[in-house]
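Undergrad:
In the working numbering, the protein residues as written are 2 to 649.
1. Looking only at its chain, what residues have a beta carbon closer than 8 angstroms to the beta carbon of residue 619, apart from the 5 residues adjacent to it on each side?
2. Express the C-alpha separation of residue 362 and residue 347 in angstroms, rounding to a whole number.
3. Go through its chain and collect everything with a Cβ distance to residue 375's Cβ below 6 angstroms, but skip five positions before and after it.
4. Report the rounded CA-to-CA distance for residue 356 versus residue 335, giving the unit in angstroms.
5. Here's a check: name, in chain order, each residue in its chain whose Cβ is nearer than 6 angstroms to the Cβ of residue 300, leaving out the five neighbours to either side.
6. I need the DSSP call for residue 189, collapsed to helix, strand or coil.
7. Would you call the region 502-513 and the region 545-560 in contact, with 3 or more CB pairs under 8 angstroms?
8. Can residue 251 and residue 56 be called in contact, C-beta distance under 8 angstroms?
9. On the premise that residue 379 lies in contact with residue 373, defined as a C-beta separation below 8 angstroms, what is that separation, rounded to the nearest angstrom?
10. Per DSSP, which one or two residues make a beta bridge with residue 424?
11. Leaving out five residues on either side along the sequence, give the residues of the same chain with a beta carbon under 8 angstroms from the beta carbon of residue 115.
12. Look at the Cβ atom of residue 91, then the Cβ atom of residue 125, and state whether they are nearer than 8 angstroms.
13. Consult DSSP for residue 89 and reduce its assignment to one of helix, strand or coil.
14. Provide the residue(s) that pair with residue 478 in DSSP beta bridges, ordered along the chain.
15. In the DSSP assignment, the alpha helix (DSSP H) including residue 147 goes from what residue to what residue?
16. Tell me the DSSP secondary structure of residue 206 in three-state form.
17. DSSP three-state call for residue 156: helix, strand or coil?
18. Thinking C-alpha only, which one of 371, 88, 59 and 145 is nearest residue 48?
19. Excluding the 5 residues flanking residue 182 on each side, which residues of the same chain have their C-beta closer than 8 angstroms to its C-beta?
20. Between 586, 539, 73 and 175, which lies nearest to residue 397 when the distance is taken from Cα to Cα?
21. Among the candidates 255, 147 and 602, whose CA atom is the shortest distance from the CA of residue 132?
22. Compare the beta carbon distance of residue 491 and residue 477 with 8 angstroms and say whether it is the shorter of the two.
23. Compare the C-alpha of residue 303 against each of 53, 342, 383 and 433 and name the closest.
24. So residue 227 is in the alpha helix (DSSP H); what residue range does that whole segment cover?
25. For residue 574, does the count of other Cβ atoms within 10 angstroms reach 16, so buried, or fall short, so exposed?
26. Do three or more CB pairs link the region 255-268 to the region 277-291 at distances below 8 angstroms?
27. Can the beta-carbon of residue 406 be found closer than 8 angstroms to that of residue 434?
28. Quick check on the DSSP output: the alpha helix (DSSP H) that includes residue 362 runs from which residue to which?
29. Is DSSP giving residue 48 helix, strand or coil here?
30. Given this structure, state the Cα-to-Cα distance separating residue 395 from residue 464, to the nearest angstrom.
31. For residue 628, which of helix, strand or coil comes out of DSSP?
32. Could you tell me how far apart the beta carbons of residue 95 and residue 179 are, in whole angstroms, since I believe they sit closer than 8 angstroms?
33. Ordered along the chain, which non-local residues of its own chain (more than five positions away) have a Cβ less than 7 angstroms from that of residue 217?
34. Can you check whether the CB of residue 497 is closer than 8 angstroms to the CB of residue 536?
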C-alpha cells in the first residue's frame, strides 16, 4: 500500500517533495501493516542485469515487470538513493552512452497496448523513474555509492502514465543510468525513446551476442567426463551453466567439465549484449558393454530331426554375465552386420535352420545406443542323456552318529561334468545346496535336481534317524571285600540286549540287565565294569568303577596309630556311613569321660578331643548311633578301640 498525491499536486518535470514531518506517521502506519505480510522477491530487474539502450530511429518498447510475472523482482534492491521514488516496484534498469554532445529529451510511456506505430492505444499505467550520471567508461555502474543524490539527473513519482526528463549538456562518452518502475503493477508495456534535443546516444553499445557449445551432443561409452567448450560472438562477459535446467553453482567460465548424463545449457551474457543467449547439448555417459559368447542347447524330440525352438530371451542373463540387466538390453540377429546395425532382430523363441547354427547377440546400453557389444551364440540340438549316480534311495543312522555324505556326481563316462548343475532341496522344496556333495543335518526326505543339457533328472533319498538307547550304571562306589553287589543297567528302551565287560574283557554269558559283583580280599586297584546295550541298529554303553574300602573287611577297627605313615592313621567308618549312615559318634576314656563327639561321622577321629587336643595312648570306648538298622551292628554300635601314639 502506497500514497501518491493527486495529479493536481504534481509537476511532472519536477521532483516530488513532501514534508517529512507530515509523512512519517503515515509511513509508520503502513510499515506496521506490512510487518505481518510475507514479501517474496522475484527474479530479474536488478542492476547486475542492467541493459544497454540507445535512442536510434525507433523507441524501445518492452514488456514490463508486474505482479503476475513470477520471474520479476517485486522491488528494487537496497543501496542506491532512489530520490523521489518512495517505492520502487518492478524496476527495469538501463544505461545509455552519449555519442553527439548536447541536450537529450526522453519520454517514458507505460500502457497496456501499443500499435504498430508505437502509439499507446490501451489503458495508461502509472510509471515512475530516476536517472543518475554522468559516469565514465570503465566505471562500475552498479556502485551504490555513486547512485546517490549528488549524481541524480531527474526523478518523478507522479501518478501519470507518461514521464519526461532531459539530460542537459551531455558530453560525448558520458554514461547515464536509468531505473523505470511500474507503480501500477499491472501487466503492460513500457516505451522509452528520445523525443528531442541536439544530442544523441551511442548505439554501438548494443550488440547481438551468441554462444555455441563446440562439442555438440555427446554419447560416450566407458568415459566418465567430457570438457564442454564454447565459442561466442559479441561482448560476452559472463557464463552460467545448467544441468537439466538446474543452475550449477559456481560454474561461471567459458567451459565446463561434464560428468553426468543430462541436458547441459550455457547462458552467456554481457552488459553490451541485447539479451542473454544460450546453447543446449545432450550428453550421455554409457557403460562399456560386453557380450559373452555362449552355447544354447535344445533337446531333440522323438523326431530326431535336429530342429527345435530355442528360448533366446531366457539365455540373455548368460550373455550379460555380471552386467546389470536393468542397464542393458540383449537382442539377437542372424548376421554380424545386422547385430552391428541393430537391425532385424530375431524373435524368441527362434527355430534353428541348421544344426548347429551360429547367430549373434547384441548387448546395448539403455543409456546410449552407441555403447554396445556383440558375440556369437551357438545353437545346438542334442540327444537326450540318462544321468546315473551312486546315490542310495534311503539311509539310516543312529542319533549319536554323524550324518552320511551323499555324492550326486554322475557316473556317466561320456558327459562333460563341467556342464552339470546341482540343487539339493528338502521336502518343503527349500534349496539347501548347489554342490554335488551334500550332508543332511536332520531326518527327512532330500531330493537332488541334476541339470545337464538334455539330461535333467532328480534323485530322492529318505534319511532315517533311529533313536539310540540310553543306559546308566550309576556313580562309581566302594565295596567291601568278598561282598556280593548287584549292578543294574537302567535303560529307556525295551527289547534290548546286554553285554557285560570287566576291565574291557567280555564276561561270557552275562546278558541280563543285572550283574552280581564280588571283589576278593587283596584285589588291588580299580575294577571297571561296562555294559553295552543294543537294539539291533544302535548301541549305548556305560561304565562304573568299583574299589575296595580302605577297611577292606568293613569291620570297625580295634586300634589306630596316627603316626602319619598313611596306614591306620584314622578311624575310617566310610563303609558304615555308606551302608547305613552315621548320625553321631561318641568316644569315652576309661574313666567314662566323654572326650570326643562328632555328628555325621565318616573318618574325622585320629586321636584328638572334640576341642582338638591330643589324647594319650590308651583304650577308649565308642558309641555309634546309626541312621538305620545295619545288618551287622543294628541301630547302634559299641566297642573299644586302642589308641597308640608315638609319644605320650
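Every residue, glycine too, gets a C-beta built ideally from N, C-alpha and C.
TA: In terms of the structure at hand:
1. Translated into positions along the chain shown, residue 619 becomes position 618. Contacts found: 590, 591, 643 and 644.
2. Stepping through the chain shown from its first residue, residue 347 is reached at position 346. Stepping through the chain shown from its first residue, residue 362 is reached at position 361. Near 10 angstroms, if we compare the C-alpha coordinates of residue 362 and residue 347.
3. For the purposes of this step, residue 375 is identified with residue 374 of the chain shown, where counting begins at 1. Counting only Cβ-Cβ distances below 6 angstroms, and skipping sequence neighbours, we find 292, 340, 361 and 363.
4. Along the chain shown, read from residue 1 onward, the residue named residue 356 stands at position 355. Along the chain shown, read from residue 1 onward, the residue named residue 335 stands at position 334. In a straight line, the C-alpha of residue 356 is about 14 angstroms away from that of residue 335.
5. In the chain shown, residue 300 corresponds to position 299, counting from 1. Cβ neighbours of residue 300 beyond the five flanking positions: 385 and 455.
6. Reading the chain shown from its first residue, position 188 is the one you call residue 189. The answer is coil: DSSP assigns residue 189 none of H, G, I, E or B.
7. no
8. Translated into positions along the chain shown, residue 251 becomes position 250. Translated into positions along the chain shown, residue 56 becomes position 55. In this structure, residue 56 does not lie closer than 8 angstroms to residue 251 by Cβ.
9. Numbered from its first residue, the chain shown carries residue 373 at position 372. Numbered from its first residue, the chain shown carries residue 379 at position 378. Actually they do not touch by this definition, with Cβ atoms about 20 angstroms apart.
10. Numbered from 1 along the chain shown, position 423 holds the residue referred to as residue 424. BP columns for residue 424 point to 450.
11. For this step, residue 115 is matched to residue 114 along the chain shown. Around residue 115: 62, 121, 122, 123, 190 and 192.
12. Walking along the chain shown from the start, residue 91 turns up at place 90. Walking along the chain shown from the start, residue 125 turns up at place 124. Not closer than 8 angstroms, so no.
13. One-based indexing of the chain shown puts residue 89 at position 88. Looking at residue 89 - three-state DSSP - the assignment turns out to be coil, as it is neither helix nor strand.
14. Residue 478 sits at position 477 when you count from the first residue of the chain shown. Answer is 547, bridged to residue 478.
15. As a first step, residue 147 must be located in the chain shown, where it is residue number 146. Per DSSP, residue 147 belongs to no alpha helix (DSSP H) and is neither H nor E.
16. Along the chain shown, read from residue 1 onward, the residue named residue 206 stands at position 205. Correct three-state label for residue 206: helix.
17. Here residue 156 refers to the residue found at position 155 when the chain shown is read from its first residue. In this structure, residue 156 counts as strand in the three-state DSSP scheme.
18. Mapped onto the chain shown, residue 48 falls at position 47. Of the candidates 371, 88, 59 and 145, the one whose C-alpha sits nearest the C-alpha of residue 48 is 145.
19. The sequence position of residue 182 within the chain shown is 181, counting from 1. Result list for residue 182: 77, 86, 88, 89, 90, 91, 92, 93, 128, 129 and 130, in chain order.
20. In the chain shown, residue 397 corresponds to position 396, counting from 1. Of the listed residues, the one whose Cα sits closest to residue 397 is 539.
21. To locate residue 132, count along the chain shown from 1; it is residue 131. Cα-wise, what sits closest to residue 132 is 147.
22. As a working mapping, residue 491 is identified with position 490 in the chain shown. As a working mapping, residue 477 is identified with position 476 in the chain shown. No.
23. On the chain shown, residue 303 is found 302 positions in, with the first residue counted as 1. Residue 303 has its Cα closest to that of 383, out of 53, 342, 383 and 433.
24. For the purposes of this step, residue 227 is taken as the residue at position 226 of the chain shown. Taken as a continuous stretch (DSSP letters only), residue 227 belongs to no alpha helix (DSSP H), being part of the beta strand (DSSP E) at 227-229.
25. For the purposes of this step, residue 574 is taken as the residue at position 573 of the chain shown. Buried.
26. yes
27. Counting from 1 along the chain shown, the entry for residue 406 is found at position 405. Counting from 1 along the chain shown, the entry for residue 434 is found at position 433. Cβ atoms of residue 406 and residue 434: not closer than 8 angstroms.
28. Along the chain shown, one-based indexing puts residue 362 at 361. Element bounds for residue 362: not the alpha helix (DSSP H) but the beta strand (DSSP E), 358-366.
29. Mapped onto the chain shown, residue 48 falls at position 47. Residue state, collapsed to three classes: helix.
30. Mapped onto the chain shown, residue 395 falls at position 394. Mapped onto the chain shown, residue 464 falls at position 463. When rounded, the distance between both Cα atoms is 6 angstroms.
31. The residue you call residue 628 lines up with position 627 of the chain shown. Residue 628 falls in the strand class under three-state DSSP.
32. Numbered from 1 along the chain shown, position 94 holds the residue referred to as residue 95. Numbered from 1 along the chain shown, position 178 holds the residue referred to as residue 179. That pair is a contact at about 5 angstroms.
33. Position 216 of the chain shown, counted from the start, is the residue given in the question as residue 217. Contacts found: 282.
34. On the chain shown, residue 536 is found 535 positions in, with the first residue counted as 1. On the chain shown, residue 497 is found 496 positions in, with the first residue counted as 1. Yes, the Cβ-Cβ distance between residue 536 and residue 497 is below 8 angstroms.
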